[in-house]
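Written below as structure tokens is the structure these notes are about.
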Amino acid sequence: MSYIHVDHLQKTFIIRKKRETGRLLREKETVFALRDLSFVIEKGELVGYIGPNGAGKSTTVKILSGILTPDSGNVSVDGRIPWESRREHVRNIGVVFGQRMQLWWDVPILDSYGLLKEIYRIPDADYRQRLKELTEALQLENLLRTPLRQLSLGQRMRAELCGSLLHRPGLLFLDEPTIGLDAVSKLALRDFLRWENREHGTTILLTTHDMEDIAALCSRVMVLGHGQKLYDGDLPALLEKYDTSRTVTVRFEDPETMPALPEEASLSREGDLVKVVYAPGQIPTPEILEKLQQAGTIREMTIQPQNIDVLIAAMYREMDL
Amino acid sequence: MRSYLSAFRLRRKMELQYRGAMLGGIICQVVFGLILIALYRALYAGKPQTLPLQHVVTYVWLQQAFFRMLLASDPDLLDKIRSGSIAYDLCRPLNLYGFYYARIMAQKITGSLMRAVPMLLFASLLPEGWGISLPASLPALLLSLLALMLGLLCVSALENITMAFTMRTLDPRGIQAMLNLLMMTLSGNILPLTLFPDSWQKVITLLPYAQLLDAPIRLYTGDVPVGEAWRILLIQAVWIAVLIALGVWLWNRHQKRIVLQGG
Amino acid sequence: MKTVRLYLRSMKMLMKCQLEYPFSFFLQTLAQLVMEGGEMMAVILIIDRFDRVNQWEAGDLFFFFGIMSVTFYLTECFGRGITGNFPYLIRTGQLDTILLRPRGVLTQVLCSAVDPRRITCIAVGTVSLIIGCNLARVQWTGLKVLAMAEAVLLGAVLILALFVIEAIFCIYSVKSVELVNALSYGGRSACEYPIDIYPRPLRILFTAIAPFALVLHVPAAYILGKPLYAWPEWTAFVCPLAGAVFFGLIYLAFQKAMRFYRSTGS
């Protein structure tokens, strides 16, 4: 049996509209947060979970973590139904929200960890060993005695991660963990997540809008829209479907060179650079390269795929999200 | 002037949105009023006083009805100062003192009028000895309304000064709480000032805290006759002048400091 | 036992947090003194002007005020998570974070705050109690001490339960939260004075609905040697149990509210 099983999951919310003038009762509207969602995740997988705002991502995470009960459908995580045995279930999960802190603001983070140890009833020896391991991996050794409020955003995120992993959860939910972080912090965080996943076999479900996080970490990605699963598979295959254009930038020995290309490709000149935009589906890349070489001696050339965010936007558009 | 008015209107709209909360607040305040009146009735039954019981009952209802005016609480504004987003307001081409003065006044008026009217209606329906009585005379009513307006100006000025201090300490809770509590005791909310020992009353009624509710109520019940009303109004006017002058001076000083820090 | 350890550990940490801002803490503690001092001054001024109410003399009145004050502010001090923080936790969605941890919800909420500033209020209440005992010439016995301890403990339980109602209101997003204040803060104000001076509707409200009179006044009257309604001695030990019963009922309602919360989300 798989680690996480989600079967025909359904969840609706009732939204009470604002009272219209002259009406006594407020109108109610039923909104589907999730409709007929099914998927399976194996132990040790690192899955990216994407979709536009309001697609139902956080509803899924809330149900999987046992704090929300669904209307219908079956879910089992490690053989347990999350919302029926909340306390046993949450002992085995860790959750990190990029925009909400669980550590205490005014005390040294070590004190916060001490309290978490108490809350999760972690045995002393286990706690010491795990804390040592995590603080090394997250480079927190020198920050343990600093109050959370004095840490930078990147340091705070690392401290949060450490706090959510102290009790060795088998399953980790990450909600926009890299939001607002600088490049160095982002890379460090991704390295750590890869390490934790490899070293401890922790299953990770990553919800994010940052496609680079997904590209760097996840072997598998699920796309959610309007409460339904729209795609489930690997990221390159997903991108290929929507990767409709490439940009080639060329600098010729002779700046006056103007290559002759098929009509479908668009050609433009910026200073001594020639820019070619084409769709690989229409014109194969080798054909473009051949034409360019025929035009003159090339000094420099780069090929760029489309920006990943643009791709995702195109995909959302096509799926009518 | 128009921008101050719109600050006022915006605030009023925000207050009006919480109708459900208001109903709960009114019922709570009514229960408090009834408890206090029941207590004073029991006390009077044992030992009647020269001050008529009906005056005390009226005092209690008016205090409860306008209770909201006493509280120094604009959590939005305090959050703004703490989080630093007050910087947006500093960028606006406004006199900050006037802007916040309008805001505080708006909150006090709307927050309490919406509650006061239904409460006073309810209190007037109660039988003699439990309910509020009519004002001593028409001039007394008009003078007490005037005194209420002046009292409001006075207390808003006082609160604006706390706000200025807040900008300095960044943690307003201490000063805020202190002001609120002095207010509750010295304004006659906990025990009507008319029941304080006579010698104390002479001093307490001079303080700004007594100006907001105690002064108008005394005019309303006729404890202070119409002929002597000028004394109350004079005290109020002096406080208003002093507190506004002090407030403007403090704000100007702090505003400069903030601008310097922001660089 | 582990729950007690968790609670103590949380308290220690939260105290540390408070003391991070010593000046503000000092000011606020002082403010609390002003507040409760003002309340007690009202009692002194009332006694000065009226001498007594019915059979209750000055000493009795100080004792009633003191026992309410000590009970209420001990609860506010150590139960701040529930008395002050709960609606905030619900509105900001922090209740979700609590649900993500393997401990009871009420336990965690209780552990989420402490309010040491109330120490001055408790001190004022204690002073009032001592004055009351002296003026009323209370002869302490083992049984009276027991009655007192039971009253304060179960009084705290009752007050916590009243504040849990507020949380329940919040979960069902009832806007009239202040209504509950009529019971909690209203109960405190009313029951600073003995219940039998009030007319029947108020007596019923604070005996049968929010049973402050049963939990605090029956034992207090027994300690003062003037049994309330001339009830027999044993009632001073049985009546306070109403506080526990009240808490039990509210707890059941709270469980139901949590099920609602978890089916609707926030």
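Here the protein sequences come in this chain order: Z, Y and P. So the first sequence is residues 1 to 321, counted in the numbering used here. So the second sequence is residues 322 to 584, counted in the numbering used here. So the third sequence is residues 585 to 850, counted in the numbering used here. Note that the Cβ used here is the ideal one computed from N, Cα and C, for glycine as well. Note that the structure is predicted; figures quoted are calculated from it, not measured.
At least one CB of chain Z closer than 8 Å to the CB of residue i: is that the case?
i	result
residue 653/P	no
residue 759/P	no
Leaving out five residues on either side along the sequence, give the residues of the same chain with a beta carbon under 8 Å from the beta carbon of residue i.
i	result
residue 475/Y	529, 532, 533, 557, 560, 561, 564
residue 793/P	767
residue 55/Z	224, 225, 226, 227, 321
residue 590/P	687, 691, 695
residue 380/Y	509, 513, 515, 538, 542
Grab me the residues of residue i's own chain with a C-beta within less than 6 Å of its C-beta, minus the 5 sequence neighbours each way, in chain order.
i	result
residue 831/P	741, 745
residue 504/Y	391, 530
residue 279/Z	244, 245
residue 59/Z	11, 33, 34
Counting only the same chain and skipping the five closest in sequence on each side, list residues whose C-beta sits under 7 Å from that of residue i.
i	result
residue 193/Z	204, 217
residue 507/Y	525, 528, 530, 531
residue 543/P	Summary: the structure shown does not reach residue 543/P, with chain P confined to residues 585 through 850, and so no result is reported for it.
residue 346/Y	436
With 8 Å set as the bound, which would you pick, yes or no: does the beta-carbon of residue i sit closer than that to a beta-carbon of chain Y?
i	result
residue 664/P	no
residue 599/P	no
residue 668/P	no
residue 781/P	yes
residue 622/P	yes
Of all the options the options, which has the alpha carbon lying nearest to the alpha carbon of residue i?
i	options	result
residue 99/Z	78/Z, 61/Z, 106/Z, 174/Z	174/Z
residue 88/Z	126/Z, 11/Z, 97/Z, 67/Z	67/Z
residue 517/Y	834/P, 631/P, 736/P	631/P
residue 261/Z	284/Z, 255/Z, 254/Z, 253/Z	284/Z
residue 509/Y	595/P, 805/P, 626/P, 594/P	626/P
residue 600/P	104/Z, 13/Z, 184/Z	104/Z
residue 372/Y	430/Y, 481/Y, 514/Y	514/Y
residue 304/Z	268/Z, 286/Z, 248/Z	248/Z
residue 300/Z	273/Z, 281/Z, 306/Z, 313/Z	273/Z
residue 388/Y	566/Y, 511/Y, 549/Y, 376/Y	511/Y
residue 176/Z	117/Z, 210/Z, 128/Z, 146/Z	210/Z
Thinking C-beta only, is residue j closer than 8 Å to residue i?
i	j	result
residue 691/P	residue 587/P	yes
residue 131/Z	residue 109/Z	no
residue 622/P	residue 502/Y	yes
residue 777/P	residue 614/P	no
residue 647/P	residue 713/P	yes
residue 76/Z	residue 40/Z	no
residue 542/P	residue 693/P	The displayed coordinates of chain P run from 585 to 850. Any statement about residue 542/P would go beyond what the structure contains.
residue 255/Z	residue 292/Z	no
residue 660/P	residue 702/P	yes
residue 834/P	residue 749/P	yes
residue 653/P	residue 705/P	yes
residue 547/Y	residue 466/Y	no
Identify the contact partners of residue i in chain A, using a Cβ-Cβ distance below 8 Å as the criterion.
i	result
residue 91/Z	As a matter of chain content, chain A is missing from the structure shown, whose protein chains are Z, Y and P.
Which value, in whole angstroms, describes the spacing of the CA atoms of residue i and residue j?
i	j	result
residue 36/Z	residue 94/Z	26 Å
residue 355/Y	residue 369/Y	19 Å
residue 618/P	residue 499/Y	7 Å
residue 473/Y	residue 426/Y	7 Å
residue 215/Z	residue 178/Z	13 Å
residue 820/P	residue 207/Z	59 Å
residue 606/P	residue 670/P	25 Å
residue 90/Z	residue 151/Z	28 Å
residue 454/Y	residue 62/Z	57 Å
residue 441/Y	residue 433/Y	11 Å
residue 461/Y	residue 677/P	51 Å
residue 271/Z	residue 290/Z	23 Å
Taking 8 Å as the CB-CB limit, is residue i close to chain P?
i	result
residue 7/Z	no
residue 523/Y	no
residue 119/Z	yes
residue 583/Y	Only weak support exists for where residue 583/Y lies, its pLDDT of 41 falling under 50; the coordinates are left without a value.
residue 102/Z	yes
residue 111/Z	yes
residue 96/Z	no
residue 506/Y	yes
residue 377/Y	no
residue 531/Y	no
residue 80/Z	no
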